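Under mature numbering (1 follows the signal peptide of the UniProt record, and there is no 0), the residues of the sequence shown are numbered -39 to -1, 1 to 67, in order. Heads up, the beta-carbon is just placed ideally off N, CA and C, and yes, glycines get one too. All values derive from a computational prediction rather than experimental measurement. Written below as structure tokens is the structure these notes are about.
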Amino acid sequence: MDRWIEADLPLPRSLLTATATTMLVLCVLLVAAAQPLDAAACNPSALSPCGGARFGGAVKQGCCVQLKKQQPCLCRYVRDPAYSNYVDGPAAQSLTKACGLPRIKR
């Protein structure tokens, strides 16, 4: 193999094609793995029916429906500084309890 480098012999075309194909497949797999599967389902604005309940109002059925749909996303919201104030704290915990959901943990 060192002789190829020293002699500046071209690599076989099939080896170059196989290497390029392998690199392309790896790139596609890495990009696919980096995309969260439920990203399309996570929509913080869908929790707007819960706004009144968060500030002491009654818990509406639409709020519980949206909380249950967004349940896989709630932990992500808690860790996100833009949304943590809305889904963390005593008011948010009582809201999830009223809707029959488990306590949100950081």
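- Secondary structure of residue 21 (DSSP, three-state): coil.
- Around the CB of residue 22, fewer than 16 other CB atoms lie within 10 Å, so the residue is classed as exposed.
- Annotation note: the region 20 to 52 contains the following uninterrupted alpha helix (DSSP H) runs of length 4 or greater, listed N- to C-terminal: 22 to 30, 32 to 40, 45 to 48.
- Contact between residue 31 and residue 3 holds, since their C-beta atoms are separated by about 7 angstroms, short of 8 angstroms.
- For residue 3, the three-state secondary structure derived from DSSP is coil.
- Looking at -28, -26, -27, 5, the one whose alpha-carbon comes closest to that of residue 38 is 5.
- About 6 angstroms separates the beta carbon of residue 48 from that of residue 35, a gap short enough to meet the 8 angstroms contact definition.
- By alpha-carbon distance to residue 44, the top candidate from 9, 64, 29 is 9.
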